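Quick notes on the structure that follows.
Protein chains in written order, with my numbering: chain Z, 1 to 294; chain F, 295 to 527.
Have a look at this one:
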């Protein structure tokens with residue numbers, strides 16, 4: 001029998017998953033919405049974020065996990081953003097952002113990143129110390145303070161991304177390019193630079209989610225597959241390229257998946273999430289929300 | 295103000311504009327007419343750099359701009375009102391206007407004179423562009439272009455899908471701009487509208503200028519219109 005405290009615990013676990021998933025899926029949705037690129041390598045950007053936080057915590061500043069974590073929070077998005085910009089310039093731009101060829105190209109990028117990490121970081125899954133140790137003591141159980149910080153940081157970053165998209169010049173350019181790239185050019189928008197920025201921003205969001213999740217899971221060179229699958233589920237359920245739909249779907253799927261995983265089993269959670277995609281594709285092929293803004 | 299010399303452009307391997315040459319003076323309204331597929335829209339898109347030029351020279355205010363990437367063209371003083379409006383439909387009216395203002399990093403207050411031309415838009419600033427009526431959308435498309443403070447305004451079939459009275463009003467507003475020295479290149483299917491406001495008309499067929507005449511001459515002698523457009527005024 002499921003008790004109230006068990007349900008609360010499952011809900012809290014689900015909220016952590018949803019917050020991190022929202023960051024990852026928002027990046028994927030942004031890239032697809034503006035560039036029409038289905039980025040198969042998106043999960044590898046999450047993995048790179050986790051590897052960078054391990055490197056900062058264990059190698060660079062081994063004695064100070066909090067310092068290493070803070071450094072990684074800055075360094076991971078910068079490094080991964082630069083890698084994404086290089087991939088845009090070296091690969092995506094050369095094939096003119098063709099939707100079909102970019103699928104194959106980003107699949108290649110996935111293997112290049114994954115195998116590079118395997119050769120340098122190795123095949124082991126490595127634990128990463130949380131930057132802070134404290135527990136919130138509830139009447140029924142104690143809960144990791146770090147996980148609550150993850151939720152807060154993810155919400156903060158989502159808010160900042162929302163502000164960038166809705167208030168800034170580059171955000172306006174991104175939204176205009178998403179709606180009509182040719183007309184955007186006729187109003188002075190350097191569309192290729194916007195594409196590079198969007199690809200970098202998407203990768204940066206994924207990298208930060210990798211940094212946040214690494215102390216909860218472990219850093220491993222194959223860890224990109226799960227966030228990629230879940231992000232695709234979220235983006236399809238929310239409506240391809242629809243940012244509001246993406247956030248709503250991330251909340252629903254993240255919390256639902258987390259709760260089912262805690263209360264029943266992680267495998268059942270994945271099965272139900274995948275089934276949900278099939279149902280949404282049958283009932284609402286355009287996703288849960290058809291209109292999108294910003 | 296605008297000078298095209300032997301400009302050719304192509305969609306892939308197919309050459310659609312063949313050595314087009316014409317000039318457009320400050321304050322002049324030049325009409326471009328022809329049948330569907332004659333290359334009218336292609337002329338405008340080629341000037342904007344949206345279709346690659348194969349050869350030829352394109353100058354604005356004596357500055358050669360044929361080598362510029364498309365996004366650098368508007369800042370040289372050329373604004374474009376595309377066929378079918380092509381507003382950023384999910385952006386608000388204010389954001390659509392801001393897209394025009396940002397071409398020259400102009401402040402929001404610079405939209406005021408443009409909003410004076412189309413006061414109805416002032417009441418719609420917070421509304422998504424896609425929710426406006428057809429006439430209001432066309433006004434916004436023109437207003438968005440005017441926010442770039444153009445020297446040359448390219449208009450592609452502004453009457454498309456509108457009641458004649460609305461078209462009249464928009465074209466009359468556009469015609470006022472000639473007093474401030476704006477040169478206007480107007481692609482138009484409506485013969486009456488074009489003859490009413492244009493100074494000169496280019497008749498094109500298969501990407502080539504076949505005939506050039508003053509609008510008053512074509513009004514008096516419509517034979518070239520019948521030949522190249524297939525309609526009598």
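For every residue, glycine included, the Cβ atom is placed at its ideal position computed from N, Cα and C. The structure presented is a predicted model; accordingly, all values stated were derived computationally and were not measured.
So does residue i have its beta carbon nearer than 7 angstroms to some heavy atom of the ligand ZN?
i: residue 475 of chain F; result: This structure simply doesn't include the ligand ZN, nor any ligand for that matter.
Which same chain residues end up closer than 6 angstroms to residue i when comparing Cβ atoms and leaving out the 5 residues on each side of it in sequence?
i: residue 146 of chain Z; result: 130, 132
i: residue 227 of chain Z; result: 24, 43, 46
i: residue 13 of chain Z; result: 258, 262
i: residue 424 of chain F; result: 383
i: residue 84 of chain Z; result: 199, 200, 203
i: residue 213 of chain Z; result: 20
i: residue 494 of chain F; result: 324, 508
i: residue 139 of chain Z; result: none
i: residue 236 of chain Z; result: 277
For a test of the three-state rule: what should DSSP assign to residue i, helix, strand or coil?
i: residue 293 of chain Z; result: Because residue 293 of chain Z carries a pLDDT of 45, less than 50, the predicted location of this residue cannot be relied on, and no value is offered for it.
i: residue 455 of chain F; result: coil
i: residue 42 of chain Z; result: helix
i: residue 144 of chain Z; result: strand
i: residue 238 of chain Z; result: helix
i: residue 426 of chain F; result: coil
i: residue 375 of chain F; result: strand
i: residue 361 of chain F; result: coil
i: residue 498 of chain F; result: strand
i: residue 97 of chain Z; result: coil
i: residue 462 of chain F; result: helix
i: residue 445 of chain F; result: coil
i: residue 404 of chain F; result: helix
i: residue 83 of chain Z; result: helix
Give every residue of the same chain whose Cβ lies closer than 7 angstroms to the Cβ of residue i, excluding the five residues on either side of it in the sequence, and list them in chain order.
i: residue 438 of chain F; result: 390, 391, 393, 394
i: residue 522 of chain F; result: 328, 497, 499, 504, 505
i: residue 442 of chain F; result: 368, 373, 394, 397, 398
i: residue 234 of chain Z; result: 21, 25, 246, 249, 250, 253
Residues of chain Z with CB closer than 8 angstroms to the CB of residue i, please, in chain order.
i: residue 397 of chain F; result: 187, 188
i: residue 394 of chain F; result: 187
Select from the options the residue whose C-alpha is nearest the C-alpha of residue i.
i: residue 190 of chain Z; options: Z:170, Z:205, Z:179, Z:209; result: Z:170
i: residue 269 of chain Z; options: Z:286, Z:229, Z:111, Z:241; result: Z:229
i: residue 483 of chain F; options: F:458, F:502, F:353, F:474; result: F:458
i: residue 80 of chain Z; options: Z:92, Z:65, Z:53, Z:104; result: Z:53
i: residue 498 of chain F; options: F:315, F:440, F:296; result: F:315
i: residue 241 of chain Z; options: Z:265, Z:196, Z:178; result: Z:178
i: residue 448 of chain F; options: F:478, F:406, F:486; result: F:478
i: residue 248 of chain Z; options: Z:37, Z:22, Z:10, Z:9; result: Z:22
i: residue 366 of chain F; options: Z:4, Z:185, Z:283, Z:196; result: Z:185
Quick one: residues in its chain with C-beta nearer than 8 angstroms to the C-beta of residue i, no 5 flanking neighbours on either side, listed in chain order?
i: residue 590 of chain F; result: In the structure as shown, chain F starts at 295 and stops at 527, and residue 590 of chain F therefore has no counterpart that could be examined.
i: residue 362 of chain F; result: 343, 370
i: residue 280 of chain Z; result: 236, 237, 287, 288
Exposed or buried, which one is residue i when buried takes at least 16 other CB atoms within 10 Å?
i: residue 450 of chain F; result: buried
i: residue 512 of chain F; result: buried
i: residue 346 of chain F; result: exposed
i: residue 39 of chain Z; result: buried
i: residue 111 of chain Z; result: exposed
i: residue 264 of chain Z; result: exposed
i: residue 287 of chain Z; result: buried
i: residue 529 of chain F; result: There is no way to answer for residue 529 of chain F, as the model of chain F reaches only from 295 to 527.
i: residue 300 of chain F; result: exposed
Mind pulling the chain Z residues with CB within less than 9 angstroms of residue i?
i: residue 369 of chain F; result: 188
i: residue 374 of chain F; result: 183, 186, 187
i: residue 389 of chain F; result: 172, 175, 176
Using a C-beta to C-beta distance shorter than 9 angstroms, which residues of chain F count as neighbours of residue i?
i: residue 191 of chain Z; result: 364, 365
Using the beta-carbon of each residue, which ones in chain Z are nearer than 7 angstroms to residue i?
i: residue 342 of chain F; result: 186
i: residue 418 of chain F; result: Neighbours of residue 418 of chain F on chain Z: none; closest Cβ ~17 angstroms, over 7 angstroms.
i: residue 380 of chain F; result: 180, 183
How would you list, in chain order, the residues of chain F whose beta-carbon sits under 8 angstroms from the beta-carbon of residue i?
i: residue 169 of chain Z; result: 396
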